[in-house]
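What follows is a short report on a single structure.
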Amino acid sequence: MENLSELQTEAMGELFNIAYGLATSLISDSIGMHSSMYVTEMEIIDIENLADTIAGVIDGDKEYYHVSQVFLNYLEGETVMLMSRESAAALTECYSRIDDMLDDSSEEDIKSCTLEISNIITSALIGRIADLTNTEIFFQPPEIKPYKTSEIHDLRRGSEFSQVIVIKVIIDIDSTEIKGHMYVLLKEQSFSRFKEALDYFIEHYAG
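Counting from 8, one number per residue, gives the positions in the sequence shown under my numbering.
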């Protein structure tokens with residue numbers, strides 16, 4: 008990744024795998040069954056390339072949910088999780104096995120379960136960076152809505168975001184495969200702080 012050194016890139020992968028290990032444990036606890044999570048791809052792109060990057064992974068025949076959550080303080084930015092309605096319904100069906108009040112055909116139930124899983128993943132990922140740097144990061148409540156291409160374009164217009172961490176995630180819950188595309192949008196100063204966190208991780212934890 009041209010924005011990171013080779014050591015920083017390796018550290019980012021290791022750091023995120025630790026964070027997703029925590030997320031997996033939290034998901035297993037919340038859903039009451041075994042789960043695992045795989046990061047199939049990770050890269051850093053400029054904000055100008057975000058819309059094209061998303062367009063390259065979106066299936067035009069499917070509906071998607073767009074979950075966003077703003078975080079502030081040591082790092083400032085926004086996470087965006089895109090999940091197809093198909094995956095979100097499969098996720099809700101998993102939750103319904105321990106909560107028979109949930110209905111995987113109910114729009115509200117699907118949104119609720121998608122919000123919960125996205126919040127777990129975001130909190131584990133950004134929270135791990137906060138733990139590593141002994142700082143606090145505050146989260147605003149997440150929001151969910153149907154995905155619209157125009158809103159992704161709006162994220163780069165008039166904003167201070169400069170870099171985007173692109174993460175493709177597969178969550179496996181009791182052999183049910185759920186796919187999500189996560190984008191961590193960082194402001195320029197926050198990206199510099201993220202690199203400092205990686206350097207700290209390399210010096211004190213990596214290897």
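Note that CB positions come from ideal geometry on N, CA and C, so glycine has one too.
C-alpha distance - residue i paired with residue j, whole-angstrom precision
| i | j | result |
| --- | --- | --- |
| residue 84 | residue 114 | 28 Å |
| residue 59 | residue 88 | 16 Å |
| residue 39 | residue 18 | 31 Å |
| residue 131 | residue 30 | 6 Å |
| residue 201 | residue 129 | 15 Å |
| residue 207 | residue 98 | 36 Å |
| residue 209 | residue 96 | 39 Å |
| residue 25 | residue 139 | 11 Å |
| residue 15 | residue 172 | 13 Å |
| residue 55 | residue 191 | 14 Å |
| residue 33 | residue 11 | 30 Å |
| residue 116 | residue 155 | 21 Å |
| residue 64 | residue 106 | 32 Å |
| residue 41 | residue 183 | 10 Å |
| residue 188 | residue 79 | 22 Å |
Beta-carbon gap between residue i and residue j smaller than 8 Å
| i | j | result |
| --- | --- | --- |
| residue 45 | residue 177 | yes |
| residue 122 | residue 144 | no |
| residue 148 | residue 125 | no |
| residue 193 | residue 168 | yes |
| residue 137 | residue 212 | no |
| residue 170 | residue 51 | yes |
| residue 90 | residue 174 | no |
| residue 22 | residue 92 | no |
Run of the beta strand (DSSP E) containing residue i, from where it starts to where it stops
| i | result |
| --- | --- |
| residue 183 | 183 to 194 |
| residue 105 | Looking at the DSSP string, residue 105 is not in any beta strand (DSSP E), and its letter there is neither H nor E. |
| residue 86 | 84 to 91 |
| residue 144 | 144 to 146 |
Limits of the alpha helix (DSSP H) - the one that residue i falls within
| i | result |
| --- | --- |
| residue 65 | No alpha helix (DSSP H) contains residue 65, which DSSP labels as neither H nor E. |
| residue 29 | 13 to 38 |
For residue i, three-class secondary structure by DSSP
| i | result |
| --- | --- |
| residue 44 | strand |
| residue 175 | strand |
| residue 110 | coil |
| residue 79 | strand |
| residue 203 | helix |
| residue 155 | coil |
| residue 167 | coil |
Three-pair Cβ contact test at 8 Å for the stretch 101 to 119 versus the stretch 192 to 201
no
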